[in-house]
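K.L.:
Numbering (this note's numbering), first residue to last: 125 to 470.
Quick one: structure below, then a few questions.
Okay, structure coming up:
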């Protein structure tokens, strides 16, 4: 297919993604959810949502646990992804397979946590992935959901980009598992290295500039959270290279060192806001930098979604739906423990 054909298909695909974005929660929906006082009331509200109705219906009969709700949310995200992937052109599909690799990273982390703290006997087995996703990179998610040991996890990712970094991790002698922090750092570094490499030299479609900027922006924000955490442990600056993602956008090496050496978290955050990221980071980081990073992601990716109709808009929609899904998971868990959902909706 030539570039003009790819561009036409990308425009149609991005228009479809915008239509799917319009089904996400409105401000009024979120206000009603913030006033919910039980998981049952919350699920009833979600049944009115075009984006999340299926997730609510999945829990109508059966257990209503945090795990089952999280699985239902994941399946809604996968379903939208599969629909977009089905109509993408050949080049766009190569990029979109990284969405499943991102989901696989999350599945690896869930599997390690589950092996460390096994569910009770007789717990419901997760449903298999939608058929459209099973043959894509990341299709090992099904196997990961059933892993009973670290060896099962390693076997499930054999042949993927995660195989080497996962096998190379140092494991605790007692548990046989690697440290969660080391695992997520190693896997995210591998994911973003592979994604950046593809966008820069493998992708030849019409959205190269926008996709490169979006990928680097997301990596920058993850490095913001890492930097603020590393400050708590008096991390020496010479270790930054091995503890941060390999991409360098707004966060230059000099900026990273200045943030690490800042006298207070407020001063460190002010330095971060003085970079190009400051356009999206809110003025204060409130209870923690994580909420500020979420706000920045939402602001940036909404701008991308409403920009030129190309593959970057599709990536923006899928990112925004994931962010909203994460919020719904937090709300469900909060309601399960009798907490105020409004405190978990940022």
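No residue lacks a Cβ here, since even glycine has one placed at the ideal position from N, Cα and C.
Using the DSSP secondary-structure output, state which residues sit across from residue 302 in a beta bridge.
P.N.:
295, per the DSSP bridge assignment.
K.L.:
Which runs of the alpha helix (DSSP H) spanning at least 4 residues fall entirely within the region 358-427, listed in chain order?
P.N.:
364-367, 377-385 and 389-397
K.L.:
Can you name, in chain order, every residue of its own chain whose Cβ lies under 8 Å from the Cβ of residue 469, other than the five neighbours on each side?
P.N.:
Answer for residue 469: 154, 157, 158, 451, 454 and 455, listed in chain order.
K.L.:
Where does residue 447 fall in DSSP's three states?
P.N.:
helix
K.L.:
What is the DSSP secondary structure of residue 167, reduced to helix, strand or coil?
P.N.:
helix
K.L.:
Where does residue 270 fall in DSSP's three states?
P.N.:
coil
K.L.:
Could you pull out every residue in the same chain whose Cβ sits closer than 6 Å to the Cβ of residue 361, ignoring the five residues on either side in sequence?
P.N.:
381 and 384
K.L.:
If contacts are defined as beta-carbon pairs under 8 Å, then residue 318 and residue 435 qualify, I think. What distance do you get, rounded to the angstrom?
P.N.:
No, residue 318 and residue 435 are not in contact; Cβ-Cβ is about 17 Å, not under 8 Å.
K.L.:
Using DSSP with H/G/I as helix, E/B as strand and the rest coil, what is residue 234?
P.N.:
Residue state, collapsed to three classes: helix.
K.L.:
For residue 307, count the other beta carbons within 10 Å of its own beta carbon; 16 or more makes it buried, fewer makes it exposed. Which is it?
P.N.:
buried
K.L.:
Can you tell which of 162, 203 and 161 has its C-alpha closest to the C-alpha of residue 179?
P.N.:
203
K.L.:
Under the rule that 16 or more other beta-carbon atoms within 10 Å means buried, what is residue 192, buried or exposed?
P.N.:
buried
K.L.:
Taking the alpha-carbon positions, what's the residue 225 to residue 136 distance?
P.N.:
About 24 Å.
K.L.:
Counting Cβ pairs closer than 8 Å, one from the region 203-218 and one from the region 459-467, do we hit at least three?
P.N.:
A contact is defined here as three or more CB-CB pairs under 8 Å, and the region 203-218 fails this definition with respect to the region 459-467.
K.L.:
Does residue 184 come out as helix, strand or coil in the three-state DSSP assignment?
P.N.:
coil
K.L.:
Starting from residue 149 and walking both ways along the alpha helix (DSSP H), at which residues does that stretch end?
P.N.:
Where residue 149 is concerned, there is no enclosing alpha helix (DSSP H), given that its DSSP letter is neither H nor E.
K.L.:
Taking the straight line between their C-alpha atoms, what separation do you get for residue 316 and residue 447?
P.N.:
18 Å
K.L.:
With distances taken between CB atoms, is the gap from residue 439 to residue 335 smaller than 8 Å?
P.N.:
yes
K.L.:
Exposed or buried, which one is residue 133 when buried takes at least 16 other CB atoms within 10 Å?
P.N.:
buried
K.L.:
If I follow the unbroken alpha helix (DSSP H) through residue 286, where does it start and stop?
P.N.:
That residue, residue 286, is in no alpha helix (DSSP H); it is neither H nor E in DSSP.
K.L.:
Using 8 Å as the threshold, is the C-beta distance between residue 394 and residue 352 below it?
P.N.:
no
K.L.:
Here's a check: name, in chain order, each residue in its chain whose Cβ is nearer than 7 Å to the Cβ of residue 265, leaving out the five neighbours to either side.
P.N.:
227, 228, 231 and 253
K.L.:
Give me, in chain order, the residues of the same chain whose beta-carbon lies closer than 7 Å to that of residue 267; leave out the 5 immediate sequence neighbours on both sides.
P.N.:
In chain order, 280 place their CB closer than 7 Å to the CB of residue 267, counting only its own chain and leaving out the 5 sequence neighbours on each side.
K.L.:
Pull up the distance between the alpha-carbon of residue 302 and that of residue 288, whole angstroms please.
P.N.:
14 Å
K.L.:
Just reading off the alpha helix (DSSP H) that residue 343 is part of, what are its end residues?
P.N.:
332-356
K.L.:
According to DSSP, is residue 281 helix, strand or coil?
P.N.:
coil
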